[in-house]
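Number of protein chains: 2
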Amino acid sequence: MLSKKTKYALHALTYLGKHRENKTVLIQDIAEEHGISHKFLENILLELRKAGYLGSKKGKGGGYYLIKEPKEIPLSRIIRLLDGPIALLPCVSLNYYEPCDECKSEVQCGINKVMAQVRDETLKILENKSLQDILDGE
Amino acid sequence: MLSKKTKYALHALTYLGKHRENKTVLIQDIAEEHGISHKFLENILLELRKAGYLGSKKGKGGGYYLIKEPKEIPLSRIIRLLDGPIALLPCVSLNYYEPCDECKSEVQCGINKVMAQVRDETLKILENKSLQDILDGE
DNA sequence: CACAAACTCTATAAAATTTATAGGGATTAT
DNA sequence: ATAATCCCTATAAATTTTATAGAGTTTGTG
Numbered sequence: 014m015l016s017k018k019t020k021y022a023l024h025a026l027t028y029l030g031k032h033r034e035n036k037t038v039l040i041q042d043i044a045e046e047h048g049i050s051h052k053f054l055e056n057i058l059l060e061l062r063k064a065g066y067l068g069s070k071k072g073k074g075g076g077y078y079l080i081k082e083p084k085e086i087p088l089s090r091i092i093r094l095l096d097g098p099i100a101l102l103p104c105v106s107l108n109y110y111e112p113c114d115e116c117k118s119e120v121q122c123g124i125n126k127v128m129a130q131v132r133d134e135t136l137k138i139l140e141n142k143s144l145q146d147i148l149d150g151e
Numbered sequence: 014m015l016s017k018k019t020k021y022a023l024h025a026l027t028y029l030g031k032h033r034e035n036k037t038v039l040i041q042d043i044a045e046e047h048g049i050s051h052k053f054l055e056n057i058l059l060e061l062r063k064a065g066y067l068g069s070k071k072g073k074g075g076g077y078y079l080i081k082e083p084k085e086i087p088l089s090r091i092i093r094l095l096d097g098p099i100a101l102l103p104c105v106s107l108n109y110y111e112p113c114d115e116c117k118s119e120v121q122c123g124i125n126k127v128m129a130q131v132r133d134e135t136l137k138i139l140e141n142k143s144l145q146d147i148l149d150g151e
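If you're matching them up, the sequences are chains R and D in order. Every position in the first sequence, counted from 1, becomes a number in this note's numbering once 13 is added. Every position in the second sequence, counted from 1, becomes a number in this note's numbering once 13 is added.
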């Protein structure tokens with residue numbers, strides 16, 4: 014399951030995607046719309062900005078706005094950014110690899126092999142769905 | 014990512030799958046083979062037995078054994094049993110459904126729709142991989 | 001029959017992670 | 001100058017995961 018952080022990020026991105034004509038959107042507005050804690054959401058938007066998805070403007074009249082095309086924001090990226098690995102095991106993660114303690118040898122581990130396949134197929138799904146697909150469904 | 018519980022369950026099932034000729038296998042043996050805590054593994058094997066994957070024999074000479082064909086044990090089932098939902102959001106979970114607090118209406122939520130698709134496609138993957146596939150890779 | 005080996009079951013503790021809050025700083029429009 | 005707004009880091013609270021403990025129960029064996 015996705016963490017609330019990621020779920021909130023998706024809601025925020027969706028909201029921003031729906032308000033691209035406005036110059037900026039307040040954290041407050043997104044938080045209120047979805048009943049999310051302002052401060053918690055603030056941290057999430059900050060991460061999205063640092064990762065290059067959002068732009069922001071400080072001071073009075075400031076706020077956030079989307080700086081990427083919705084179709085250029087695949088679910089895989091958002092999930093990785095906020096939740097970490099997409100792979101089901103650390104030993105098959107492309108971006109967050111770590112060996113598994115209880116495995117003597119990865120090369121002869123059937124679990125490792127199957128999970129690498131699962132990762133590849135899962136990635137295909139998540140790379141092919143973007144914020145645009147979410148917006149299309151609203 | 015899978016919890017350690019699920020990961021250990023997969024290791025245990027694999028071990029049991031590789032020792033089907035023996036009548037029973039000791040918890041201890043599996044725990045030692047993978048450096049897992051005996052007591053933690055015990056709880057896991059108990060769950061697997063209650064769910065109908067394993068049989069057990071008490072007393073001296075007892076232990077656990079696989080009572081299903083490895084190809085009849087899809088990853089989806091093991092993951093659901095020990096980790097819970099496969100869906101990325103509670104609002105699209107088939108087996109553990111719960112509404113999302115921050116969603117006003119599921120029918121007009123683009124996230125919900127996309128995640129339902131992701132769930133369907135992910136399920137296809139996990140239902141098609143079984144313990145047999147793991148055993149084949151060992 | 002006594003005993004030891006093994007699983008059964010439930011409760012609880014420890015650790016880790018996620019979720020949420022807090023508050024002072026920096027910037028900007030008016 | 002002031003108020004609105006994002007920036008940043010730290011910490012607290014809640015939840016979940018991981019691990020441990022210990023008293024049952026069953027069974028093979030001498």
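Backbone N, C-alpha and C fix where the C-beta goes; we use that ideal spot for every residue, glycine too.
Spanning the alpha carbons of G68 (chain R) and K81 (chain R) requires a straight line of approximately 9 Å.
Proximity of V105 (chain R) to chain D, defined by a Cβ-Cβ separation below 8 Å, is not satisfied.
Of D:T19, D:A25, D:N125, the smallest CA-CA separation from L148 (chain D) is found for D:A25. Taking the beta carbon of Q121 (chain D) as reference, the chain R residues within 7 Å of it are E151, listed in sequence order. In the DSSP annotation of this structure, Y109 (chain R) is not part of any beta strand (DSSP E), being labelled neither H nor E. Around the beta carbon of V120 (chain D), a 10 Å sphere encloses fewer than 16 other beta carbons of the protein chains shown; the residue is thus reported as exposed. One finds K17, K20, Y21, H24, E46, H47, G48, I49 in chain R with Cβ atoms closer than 9 Å to the Cβ of E115 (chain D), taken in chain order. By the criterion of a C-beta distance shorter than 6 Å, A44 (chain D) is surrounded in its chain by H51, L54, once the five residues flanking it on both sides are discounted.
Non-local C-beta neighbours of D96 (chain R) in its own chain, meaning closer than 8 Å and more than five positions away in sequence, comprise L15, S16, K18, T19, ordered along the chain.
The alpha carbon of K73 (chain D) has as its nearest neighbour, out of D:L58, D:S89, D:V38, the alpha carbon of D:V38. Sequence-distant Cβ neighbours of D146 (chain R) in its own chain, meaning closer than 7 Å and more than five residues away, do not exist here. The beta carbon of D146 (chain D) falls within 8 Å of a beta carbon belonging to chain R, placing the residue at that interface.
Inclusion of P98 (chain R) and S143 (chain R) in the CB contact set at 8 Å is not warranted, their separation being larger than that value.
Annotated as distal: Y77 (chain R) and I138 (chain R), with beta-carbon spacing of 8 Å or more. Against chain R, the beta carbon of I138 (chain D) has neighbours under 7 Å at V131, E134, T135, listed in chain order.
For V131 (chain R), same chain residues with a beta-carbon under 7 Å away, outside a window of 5 residues either side, are L101 in chain order. The beta carbon of P98 (chain D) sits closer than 8 Å to some beta carbon of chain R. With a threshold of 8 Å between beta carbons, V38 (chain D) makes no contact with chain R. From the beta-carbon of I124 (chain R), the residues of chain D found nearer than 9 Å are K20, L23, H24, T27, I147, G150, E151. In this model, V105 (chain D) and I124 (chain R) are separated by some 27 Å (Cα to Cα).
With distances taken between CA atoms, R93 (chain R) lies nearest to R:L136 out of R:L136, R:K117, R:S118.
For L102 (chain D), the residues of chain R that pass the 8 Å Cβ criterion are M14, L15, K20, in the order they occur in the chain. Taking a beta-carbon distance threshold of 8 Å, K142 (chain R) counts as an interface residue toward chain D.
Boundaries for K142 (chain D): no alpha helix (DSSP H) harbours it, and the DSSP string shows neither H nor E there. Only residues of its own chain outside the window of five on either side were considered, and among them I99, L136, L139, E140 have a CB closer than 7 Å to the CB of S89 (chain D), listed in chain order.
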